[in-house]
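To keep things clear, I will list the structure first and then write my remarks on it.
Residue numbers (the numbering used here), protein chains in the order written: chain A, 7 to 319; chain B, 1030 to 1471.
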């Protein structure tokens, strides 16, 4: 590391006495951001905590303190919150477990195909990226129609090609995930693919040349050169995709409405229902904090993996 | 009939109605000049119609200036508590049927006393009874209806004729309905429902559209009311598993599972497409599809949802919008309240309501429904029973009741649970939620 002229290192000279007058200065530089941070992050969190331990309704003059009641509801068997919060949290986790590997593998596969100088490469890159610019409602309605129980394109194709009876995708537990997962992959694939394309451009060609001189098969080149060199990008894509998948809301809301029998309802959709359909603001806030805490632990785990990875390199 | 033309006819009829029948409210507001803020959610094609009405009121009432503000309904539901709590609520707010009791019970809306209504010339007996009562709570009025929609039954006249039915006499009772539905159901090899060798899995045409979402669930709601049941009991707890409710919903589910006159596992979109393509005789749904079928130039009719659930009374689901006066701080100008009531009275009068029906709203009162302008419209097919449209209101936890109810319908219709199991599970879940919600009102 080079030492800049402005801050010459004077190891021999005695350290200058700290000038107390200027101690305010760094904080003044931080002030604009600090103001926004306190106003839009710290204050809402504090107010949210207050709401979650009171029976809170703006119209109710008495906002009774209830302590941890709304948090305990999550662990008291028989309450709707204990049933549905964990159920919908599992739904969201299931969606993440299924969709993240697909989004990683499919994006990498497409990137490998479109990295090569094939004819119409730019066109295909654009085509695969394009669904990402649609809003979730457009994407949702599209896939709901594709997988409609009666008139969907998928059932029509099965009828024509296989002469098979229509499958009620949208109203069968389990199968209802298919349009949601397929739609999400189709919708968000392009962004991950672009990241992989950029990373592939950085892999030195000399490595492949050396490998081919040593007689490596294409698979070996991929396995021992491409994949390890893409590892940092893969980790980044994994972290961002997993976090985005946990935020599942619009896709299942539009495609299945969370049904049948809440089997595709995401945890955020349930929290929204509790807050804005049932007007249970405090309970919804408490569940929001519980979900936020789980996300925080999850993210901390990912960060520690990331840190280890950086150290390892 | 194209939309602009029908609007023109209605407008001219409104003018004649206004000049001919001068309503009883002669006591227009005569105090000092006031300005009123008026918040409503008519943000679509209905917005210019509402703005036209406001302008007309301002032009003819020099000492009241109404300032209309249109914003999406959902935004209003979220903002209204804050506005009321901070004493900055608009003078007049339009609230919909599924929200109104909640806001009333939470104290966001002020009651309209009989004396006030009388002084303003608002006579609740002029309106359709259940429609006006939608905004009632504990025997007090809290709103005046200005807009209304209903769950109706569309029917394909050509297909009914082909099945040997008289399209000028759509079914009214359960027996007539079942007869029509059976006559319309034919499989792809030409066999009718009930015939030997009839294949319910390969239907060419069928009797009635049932489907899994909340709109589909409104058929079950109507059937329960028709059989004398209710969604909630007198203590406002969920009660849609009563014997009347189970028997009414069972009839609907049997249409799928026993009679095979409705498709299983269907969606609203699939049934809508099937009706548009002339594959299904009867399509119960919201009246909002009217425009679509008219544009398509289908040969269809509209009738009131027949009494399939039972023979106690006619009933169908409806949605509505009500003019309300939010709770104001203690120093609120009494003249503003008087002027607001005057505005409410004026805009709910027959002439203005007739103008408003050009947006696709149903008449809110008999005097408007009798207007000759409707004679040739297909929607008038339900006007003989407009007094039997019932909204989901009257209890402050509509969300807690309708959510589990819609899920119960879905489970029963899809055959995942028996009808009584589905309804009982729904009631159980609903009552757990109500028990929690009730603590907010103590």
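For glycine and all other residues, C-beta sits at the position ideal for the given N, C-alpha and C.
The structure presented is a predicted model; accordingly, all values stated were derived computationally and were not measured.
Taking its Cβ as the centre, do 16 or more other Cβ atoms sit within 10 Å of residue 53/A, making it buried, or is it exposed? For the purposes of this step, residue 53/A is taken as the residue at position 47 of the first chain. Looking at its Cβ environment, which holds fewer than 16 other Cβ atoms inside 10 Å, residue 53/A is exposed.
Looking at chain B, which residues of the region 254 to 284 of chain A have a Cβ within less than 8 Å of any of its Cβ atoms? 263, 265, 266, 267, 268, 279, 282, 283, 284
Can you tell me whether residue 1182/B is buried or exposed, with buried defined as 16 or more other CB within 10 angstroms of its CB? If you number the second chain from 1, residue 1182/B lands on position 153. Result: buried.
I'd like the span of the alpha helix (DSSP H) that includes residue 1305/B, first residue to last. Taking the second chain and counting its residues from 1, one reaches residue 1305/B at position 276. Residue 1305/B: member of the alpha helix (DSSP H) spanning 1297 to 1305, first to last residue.
When 268/A, 272/A, 260/A are compared against residue 254/A, the one with the closest alpha-carbon: Numbered from its first residue, the first chain carries residue 254/A at position 248. Answer by Cα proximity: 272/A.
Spell out a yes or no on whether the region 1462 to 1471 of chain B and the region 1293 to 1305 of chain B are touching, meaning 3 or more CB-CB pairs, one atom from each, closer than 8 Å. Using a Cβ-Cβ distance cut-off of 8 Å, the region 1462 to 1471 of chain B and the region 1293 to 1305 of chain B are not in contact, since fewer than three pairs of beta carbons, one from each stretch, lie closer than that value.
On the DSSP bridge list, what partners appear for residue 1180/B? Position 151 of the second chain, counted from the first residue, corresponds to residue 1180/B. Bridge partners of residue 1180/B: 1315/B.
Out of 231/A, 46/A, 191/A, 96/A, point me to the one whose CA is closest to residue 105/A's CA. Translated into positions along the first chain, residue 105/A becomes position 99. For residue 105/A, the nearest C-alpha among the options comes from 191/A.
Local conformation of residue 1098/B per DSSP, three classes: Counting from 1 along the second chain, the entry for residue 1098/B is found at position 69. DSSP places residue 1098/B in strand when its eight states are reduced to three.
Does residue 310/A come out as helix, strand or coil in the three-state DSSP assignment? Locating residue 310/A in the first chain gives position 304, where the first residue counts as 1. Residue 310/A falls in the helix class under three-state DSSP.
How would you list, in chain order, the residues of chain A whose beta-carbon sits under 8 Å from the beta-carbon of residue 1292/B? Taking the first residue of the second chain as 1, we reach residue 1292/B at position 263. Those are 156, listed as they occur along chain A.
Hey, would you say residue 1299/B sits closer than 9 Å to residue 1277/B, going by beta carbons? Locating residue 1299/B in the second chain gives position 270, where the first residue counts as 1. Locating residue 1277/B in the second chain gives position 248, where the first residue counts as 1. No, the Cβ-Cβ distance between residue 1299/B and residue 1277/B is not below 9 Å.
Nearest-angstrom Cα distance between residue 1403/B and residue 1386/B? Reading the second chain from its first residue, position 374 is the one you call residue 1403/B. Reading the second chain from its first residue, position 357 is the one you call residue 1386/B. Going from the Cα of residue 1403/B to the Cα of residue 1386/B covers about 10 Å.
Against chain B, does residue 50/A count as a neighbour if the rule is that its beta carbon must be under 9 Å from one of theirs? For this step, residue 50/A is matched to residue 44 along the first chain. Output row for residue 50/A: interface = no.
Tell me residue 1064/B's beta-bridge partners as DSSP assigns them. Working through the second chain from its first residue, we reach residue 1064/B at position 35. Beta-bridge pairing links residue 1064/B to 1094/B.
Neighbour list for residue 78/A in chain B, Cβ cutoff strictly below 8 Å: Residue 78/A sits at position 72 when you count from the first residue of the first chain. Correct list: empty, because the minimum Cβ distance to chain B is about 13 Å.
From 1428/B, 1456/B, 1390/B, 1125/B, residue whose alpha carbon lies closest to that of residue 1275/B: Counting from one through the second chain, the residue named residue 1275/B turns up at place 246. Of the listed residues, the one whose Cα sits closest to residue 1275/B is 1456/B.
CB residue 1225/B to CB residue 1211/B, shorter than 9 Å? Taking the first residue of the second chain as position 1, residue 1225/B is located at position 196. Taking the first residue of the second chain as position 1, residue 1211/B is located at position 182. In this structure, residue 1211/B does not lie closer than 9 Å to residue 1225/B by Cβ.
Compute the minimum distance between the beta carbon of residue 1438/B and the heavy atoms of the ligand HEM, and state whether it is under 8 Å. Within the structure as shown, the ligand HEM is missing, as the structure has no ligands at all.
Would you mind telling me which residues of chain B sit closer than 9 Å to residue 164/A, beta carbon to beta carbon, in chain order? Here the question's residue 164/A lines up with position 158 in the first chain. Residues of chain B with a Cβ closer than 9 Å to the Cβ of residue 164/A do not exist, since the nearest Cβ in that chain sits about 14 Å away.
Which residues share a DSSP beta bridge with residue 1166/B? Counting from one through the second chain, the residue named residue 1166/B turns up at place 137. Residue 1166/B is bridged to 1169/B.
Closest residue to residue 1488/B among 1342/B, 1370/B, 1448/B, 1308/B (Cα-Cα distance): Because chain B here runs from 1030 to 1471, residue 1488/B falls outside it and cannot be looked at.
Check whether the Cβ atoms of residue 1438/B and residue 1086/B sit closer than 9 Å, and answer yes or no. As a first step, residue 1438/B is located in the second chain; it is residue number 409 there, counting from the start. As a first step, residue 1086/B is located in the second chain; it is residue number 57 there, counting from the start. No; because the gap between Cβ atoms is not below 9 Å, this pair is not in contact.
Cross-chain neighbours of residue 85/A in chain B, by beta carbon under 9 Å: The residue given as residue 85/A occupies position 79 in the first chain. In chain order: 1461, 1465.
Alpha carbon to alpha carbon, what distance is there between residue 154/A and residue 73/A? Against the first chain, residue 73/A aligns to sequence position 67. Against the first chain, residue 154/A aligns to sequence position 148. Between residue 73/A and residue 154/A, the C-alpha separation is close to 46 Å.
At least one CB of chain A closer than 9 Å to the CB of residue 1145/B: is that the case? Taking the first residue of the second chain as position 1, residue 1145/B is located at position 116. Taking Cβ atoms only, chain A never reaches closer than 9 Å to residue 1145/B, which makes this a no.
Residue 1430/B and residue 1269/B closer than 9 Å at C-beta: As a first step, residue 1430/B is located in the second chain; it is residue number 401 there, counting from the start. As a first step, residue 1269/B is located in the second chain; it is residue number 240 there, counting from the start. Cβ distance < 9 Å, so residue 1430/B and residue 1269/B count as in contact.
Between the Cα of residue 79/A and those of 303/A, 305/A, 45/A, 293/A, spot the shortest distance and give me the residue it belongs to. Counting from one through the first chain, the residue named residue 79/A turns up at place 73. The residue with the shortest Cα to Cα distance from residue 79/A is 293/A.
Proximity test, Cβ basis, 9 Å: residue 58/A and chain B: On the first chain, position 52 is the one that residue 58/A refers to. For residue 58/A, the answer is no, since every Cβ of chain B falls outside 9 Å of its Cβ.
Considering just the uninterrupted stretch of the alpha helix (DSSP H) at residue 1134/B, what are its terminal residues? Along the second chain, one-based indexing puts residue 1134/B at 105. Per DSSP, the continuous alpha helix (DSSP H) segment holding residue 1134/B begins and ends at 1126 to 1134.
For a test of the three-state rule: what should DSSP assign to residue 1262/B, helix, strand or coil? Mapped onto the second chain, residue 1262/B falls at position 233. Looking at residue 1262/B - three-state DSSP - the assignment turns out to be coil, as it is neither helix nor strand.
Count the other C-beta atoms from every protein chain shown that fall within 10 angstroms of the C-beta of residue 310/A, then say buried if there are 16 or more, exposed otherwise. Within the first chain, the letter at position 304 stands for residue 310/A. By the 10 Å Cβ count, residue 310/A comes out exposed.
Contacts of residue 151/A in chain B (Cβ-Cβ under 8 Å): By 1-based counting over the first chain, the position of residue 151/A is 145. 1298, listed in chain order.
Between residue 1209/B and residue 1311/B, how many whole angstroms is the CB-CB distance? I'm expecting something under 8 Å. One-based indexing of the second chain puts residue 1209/B at position 180. One-based indexing of the second chain puts residue 1311/B at position 282. Rounded, the Cβ-Cβ distance is 7 Å, consistent with contact.
Chain B residues whose Cβ lies nearer than 8 Å to that of residue 168/A: Indexing the first chain from 1 puts residue 168/A at position 162. Within 8 Å Cβ-Cβ: nothing; residue 168/A doesn't reach chain B, min ~16 Å.
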